[in-house]
Amino acid sequence: MATRILTLIAFLFAVAFAPLPALAQDDLAAEINALGPGSFADRTKAIDVLVATGDERVPPVLQALSDGNLYIRRSDGKVVIATKAAVGLQLTDPVDGADLGALPASELEKIKTNNGLRGRIRTAIGKLTLLSPDQPVRLAAAQSVLKNADPAMLELLDQAIAAETDPGIKSTMELARSVIVLKTDASVDDKRAAIDLVVAQNNRAAQTVLRNTLDTAPDELKPTIAAGIDSIGRTLAVWDVGQNLLYGISLSSVLLLAAIGLAITFGVMGVINMAHGEMVMLGAYTTYVTQLVIQSVAPGLMEYSLAFAVPAAFLITALIGIGIERGIIRWLYGRPLETLLATWGLSLVLQQLVRTIFGPTNKLVQPPTWMSGTFELWNLSFTWNRLWIIVFAIAVFIALQIILNRTPLGLQMRAVTQNRRMASAMGIRTPFVDAMTFGLGSGIAGMAGVALSQIDNVSPNLGQGYIIDSFMVVVFGGVGNLWGTLIGALSLGVANKFLEPYAGAVLAKIAILILIILFIQRRPRGLFALKGRAVES
Amino acid sequence: MTGISRMMAGFGLGVAMTAGALAPITAYAQDTIKVGVLHSLSGTMAISETTLKDTMLFLIDEQNKKGGVLGKKLEAVVVDPASDWPLFAEKARELIAVNGVAAVFGCWTSSSRKSVLPVFKELNSILFYPVQYEGEESEKNVIYTGAAPNQQAIPAVDYLMSEEGGAVKRWVLEATDYVYPRTTNKILEQYLKDKGVAPEDIKINYTPFGFSDWQTEVAAIKEFGSAGKKTAVVSTINGDANVPFYKELANQGVSAEDIPVVAFSVGEEELAGMDTSALVGHLAAWNYFQSVDNPANAEFIKNWHAFIGNDKRTTNDPMEAAYLGFNLWVQAVEKAGTTDTDAVLKAIVGLEVPNLTGGTAKVLPNHHLTKPVLIGEIQADGQFETVWQTEGDVPGDAWSDVLPEDKGIEADWTDPLTGCGRFNTATNTCEVAPAAM
């Protein structure tokens, strides 16, 4: 079966490029060498000449140029493909792939590209690889043809559609064909059919296509196109609500992660912990250090570095938290103002300490590939990193509920917060429980830092951006109640994201602050106020 | 609060000293010329300004190796205004009045510059300001060694409008909400309209400082860019907000070939904290890139790495501006034969020093410099590659000719005593500068 497809493709290649004389090796080498000298305009011409050859050896060369791997050898002006080697750069011949040995970087001159050239190369490679046996390559080619919709491609596209077996790629190709038909002077009936096909796509790309053709379309088709644009617009408006909701949930998950540790230290213990943000920051730096260690010890594990970073961040920040509780906070119980000032001072100390050790600039935390990129589902787009952060936030929330409600430590924590003296009289070591509780809150903040390192700066200022939001979430949700924190994060996140498109980010933030102030005026104890004696004390 | 931050500043300094950076200070206790360094070493701006403090110590060290100025060694007086605008004014006063520095090199944000201005006027000292800014200012006591809008923003827009830059027809001005982006966007909006861009093809969006959730904004950019015309984003997003912005761009797959983003506040230093492989092709407009192939630049980078003891540290545009400002000051002092403010200001106008990209920086009568404008594309290794540059150097324009209210306004400080920062050539009068917006 596979061989049959290959034969077919080989045949199609032959058909597509039959009129072109097979190029001698030297000609191609000369044409590739023409990529080297001159301005961007000269290079554009050289690319066009190469594409016109239709030679199958051309796409890898163009790809190398686009990736910045094409160099001029200073000694003889030959254009070569160079990749990083242990010493200097490893050269290969662009025509026959022969190994040309290694050279130091100073002996080579990189051939510059710009966005215009890369765009042109993408189109060219699309043209040349539309019949490629490789499925992802073909899909990329079809998308690139769709993007550029060059009428000259029509014939080749028809061949490709006839040969295509994958329904997804085929529909992309058919859409591209419709777009091209709309650009040419095909008959009105053909165009009408093409418009129907585009409208049936019912997504933003289709709407863009229709908008582009509206001006140049024949007059009798204009109402059809306009109606198509409107109908897609209505569908998209509905999907936009869903997309906003998704953005809101994503923001909520970040808020929840940042706030949930505070819900323990502030909510359960009543300690106004201004250094909470710095625990998040330390968690992010732990991720950075973990990656450094993994990079040097076991580079193969880099993809899973976050799996190591999460427990490491939890342990380190929990230990620091316990140290802070034993060293500072336990002397200040019952004196909220002094706790506030002391922890705030501590936050400045920690920031400057990190700045001194790691330097003031941002640190690079490598995103694993499974957390990069977007995937589309219906008309919604999800970014993988945000999706994983939502999952992580839910996991942390559940784990915390289990710890508080199902473990002896959780029982003791609740006992101490509800009635310290009684708990003490029952034989619970309250100072130990205090330290553990504060350590747990800090540790969770550290784990939040691992997640935030994927979407935010890893810099000494990281924590500052989250401390106010965290307090808002905890106070809004109701102090001392984890479910309140969850609902608080969800409502603030979603409300913020629904306001943003209309009011802008600045006004949305102000509006949320005002709403919270008004809400706290009405219900000083937040959404879910604790009832009973614990509140009075 | 002040106690803590002062303690922190002392702590920071102590560490810097142990690193050997400030070691020369004590050695030349007698008969030195003091130079003030006013950059935040703590707080939000420390991320950018600490490097400039190091740069100043590096430059002073280099100058002392060459024998100092007027036969005297230079001595750096470093203070930490802690990213706190009013504290900038206090620290400036301390530097000039208490320490008696001959000149001050410092400030990053426009807010901090505006805060120290009255102090410099009152005590008649000189500030060398090394950062690109929004223009609309020319003061007797300030030498602006960074770019004015016509040396950065306008050429960048021109490039994107050109065939080579992609013939952009639709513009998103994405910005952080404070004075520099607001003024720059005012100038750019007017400029785009003058060039025939329809108002519905311009979208301006402001976000708060330190903004970290860019999902909605990036989605809006994608949607705005799907209207069928070539779209570009002009970003004046500043500081911490940049990393999450670019991460979101990369994740949502906004490629530079479709919607290029040109930034005015993102340099090599900012890129150091990002994985740039998904950002290749996005642009920045500056007057200097570390990647510029020039002997003077190679020498500068080599010495900088030796001084800082880390060959991974990047150089960037404000560092070059600090380098130019410092060399101009040294030359002006040598020429005037004194560090007296008025004499140095009189000597400095018209002085020229070679810059690091092969051109010449000349001090214009309006206290701005001539600079080349470079457009660079981000590379996978975190550096920029110059794809376009102006022919020759562009003179800095303090009062933008694009704004109707600034047409015909010039500044001339050739004679510091009788000069004027806002001279209306139409009415031949020296106007009072309008209050900052």
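Chains as they are written, first to last, in my numbering: chain A, 9 to 545; chain B, 2 to 438. All C-beta atoms, glycine included, are put in the ideal place defined by N, C-alpha and C. Computed from a predicted model, the values in this text were never measured in an experiment.
For this session: Give the DSSP-derived three-state secondary structure of A264 of chain B in the structure shown.
Result: Strand at A264 of chain B.
For this session: List the endpoints of the continuous alpha helix (DSSP H) containing L218 of chain A.
Result: It spans 212-222 - the alpha helix (DSSP H) in which L218 of chain A sits, taken as one unbroken run.
Exercise. Looking only at C-alpha atoms, which of A:G250, A:V196, A:A214, A:V404 sits nearest to E228 of chain A?
Worked result: The closest CA to that of E228 of chain A, considering only A:G250, A:V196, A:A214, A:V404, is found on A:V196.
Problem set entry | Endpoints, beta strand (DSSP E) assigned at E76 of chain B | First-last of the beta strand (DSSP E) with E76 of chain B: 74-80.
Exercise. With 7 Å set as the bound, which would you pick, yes or no: does the beta-carbon of P509 of chain A sit closer than that to a beta-carbon of chain B?
Worked result: Yes, contact with chain B.
Problem set entry | Min CB distance V70 of chain B to chain A below 7 Å | It does not: the Cβ of V70 of chain B has no partner Cβ on chain A nearer than 7 Å.
For this session: Run the CB neighbour count on F265 of chain B, radius 10 Å, all protein chains shown included, and call it buried at 16 or more, exposed below.
Result: Label assigned to F265 of chain B: buried.
For this session: Any chance you could list the alpha helix (DSSP H) runs of at least 4 consecutive residues sitting entirely within the stretch 115-151 of chain A, in chain order?
Result: Segments of the alpha helix (DSSP H) lying fully in the stretch 115-151 of chain A: 123-137.
For this session: Check the DSSP bridge columns for E63 of chain B and list the partner residues they point to.
Result: For E63 of chain B, which the question treats as bridged, DSSP gives no partner whatsoever.
For this session: May I ask you to list, following chain order, the residues of the stretch 494-521 of chain A that have a beta carbon less than 7 Å from some beta carbon of chain B?
Result: Hits within the stretch, in order: K505, E508, P509, G512, A513, V514, K517.
Exercise. Quick one: is I324 of chain A near chain B, going by C-beta distance under 7 Å?
Worked result: Not flagged as an interface residue toward chain B: I324 of chain A, since no C-beta distance is shorter than 7 Å.
For this session: For N206 of chain B, name the three-state secondary structure that DSSP assigns.
Result: Here DSSP, grouped into helix, strand and coil, assigns N206 of chain B to strand.
Problem set entry | Proximity of V373 of chain A and Y296 of chain A at Cβ, strictly below 7 Å | Their beta carbons are under 7 Å apart, which means V373 of chain A touches Y296 of chain A by this criterion.
Exercise. Under the three-state reduction of DSSP, which class applies to A244 of chain B: helix, strand or coil?
Worked result: This sequence places Val at residue 244 of chain B; Ala is not what is there. Note: V244 of chain B maps to helix in three-state DSSP.
Problem set entry | Beta-carbon proximity list for G166 of chain B, same chain, < 6 Å, skipping 5 on both sides | Within the same chain, G166 of chain B has close Cβ partners Y160.
For this session: Give the secondary structure of V59 of chain A by DSSP, where H, G and I count as helix, E and B as strand, and everything else as coil.
Result: DSSP places V59 of chain A in helix when its eight states are reduced to three.
Exercise. Going by other Cβ atoms of all chains shown within 10 Å of its Cβ, with 16 needed for buried, is I406 of chain A buried or exposed?
Worked result: By the beta-carbon neighbour count (other beta carbons within 10 angstroms, threshold 16), I406 of chain A is exposed.
For this session: Using the Cα positions of I97 of chain B and N317 of chain B, report the straight-line distance between them to the nearest angstrom.
Result: Cα-Cα distance, rounded: 28 Å.
For this session: State the DSSP-derived secondary structure class of Q98 of chain A, mapped to helix, strand or coil.
Result: Residue state, collapsed to three classes: strand.
For this session: Give me the Cα-Cα distance between G147 of chain B and T185 of chain B, rounded to the nearest whole angstrom.
Result: Each residue's alpha carbon lies about 15 Å from the other.
Exercise. Helix or strand or just coil, what does DSSP make of N425 of chain B?
Worked result: DSSP places N425 of chain B within a strand segment (E or B) once states are collapsed to three.
For this session: Would you list, in chain order, the members of the stretch 358-390 of chain A that have their beta-carbon closer than 9 Å to a beta-carbon of chain B?
Result: Considering only beta carbons, the part of the stretch 358-390 of chain A lying closer than 9 Å to chain B consists of Q359, Q360, L361, R363, T364, G367, P368, T369, N370, K371, L372, V373, Q374, P375, M379, S380, G381, T382, S389, in chain order.
For this session: Taking the CB atoms as reference points, tell me whether L108 of chain A and L99 of chain A lie closer together than 7 Å.
Result: Contact check for L108 of chain A against L99 of chain A passes: the beta carbons are separated by less than 7 Å.
Exercise. What is the rounded straight-line gap between the Cα of Y192 of chain B and the Cα of A176 of chain B?
Worked result: Using only the alpha carbons, I get a separation of about 17 Å.
Exercise. For the candidate residues B:F121, B:A77, B:T342, B:I260, whose alpha-carbon lies nearest to that of G124 of chain A?
Worked result: Among B:F121, B:A77, B:T342, B:I260, the Cα nearest to that of G124 of chain A is on B:I260.
For this session: Please name the residue in A:V276, A:S461, A:L323 whose C-alpha comes closest to that of I452 of chain A.
Result: Closest by alpha carbon: A:L323.
Exercise. In angstroms, rounded to a whole number, what distance separates the CA positions of V374 of chain B and V255 of chain B?
Worked result: Rounded to whole angstroms, V374 of chain B to V255 of chain B spans 26 Å at the Cα level.
Exercise. Which of the three DSSP states, helix, strand or coil, is assigned to L71 of chain B?
Worked result: The answer is coil: DSSP assigns L71 of chain B none of H, G, I, E or B.
For this session: Using a threshold of 7 Å, state whether the C-beta atoms of I233 of chain A and L218 of chain A are closer than that.
Result: Going by C-beta atoms, I233 of chain A is nearer than 7 Å to L218 of chain A.
Exercise. If you pair each beta-carbon of the stretch 255-275 of chain A with each one of the stretch 205-223 of chain B, do three or more pairs fall below 8 Å?
Worked result: Enough Cβ pairs lie closer than 8 Å, so yes.
Exercise. Is the CB of D178 of chain B under 7 Å away from at least one CB in chain A?
Worked result: Under the Cβ distance rule, D178 of chain B counts among the residues neighbouring chain A, one pair being separated by less than 7 Å.
Problem set entry | At least 3 beta-carbon pairs within less than 8 Å: the stretch 476-493 of chain A vs the stretch 348-359 of chain A | Contact fails: fewer than three Cβ-Cβ distances are below 8 Å.
Exercise. Span of the beta strand (DSSP E) holding R81 of chain A?
Worked result: 78-81 is the span of the beta strand (DSSP E), which, as asked, contains R81 of chain A.
Problem set entry | Listed by chain order, chain A residues near M275 of chain B by CB distance under 8 Å | Residues of chain A with a Cβ closer than 8 Å to the Cβ of M275 of chain B are, in chain order, N370, L372.
Exercise. Where DSSP assigns a beta bridge to A233 of chain B, which residues make up the other side?
Worked result: As a beta-bridge residue in DSSP terms, A233 of chain B pairs with B:W172.
Exercise. Quick one: does Q390 of chain B have its CB under 7 Å from some CB of chain A?
Worked result: No, Q390 of chain B lies away from the interface with chain A (no Cβ there is under 7 Å from its Cβ).
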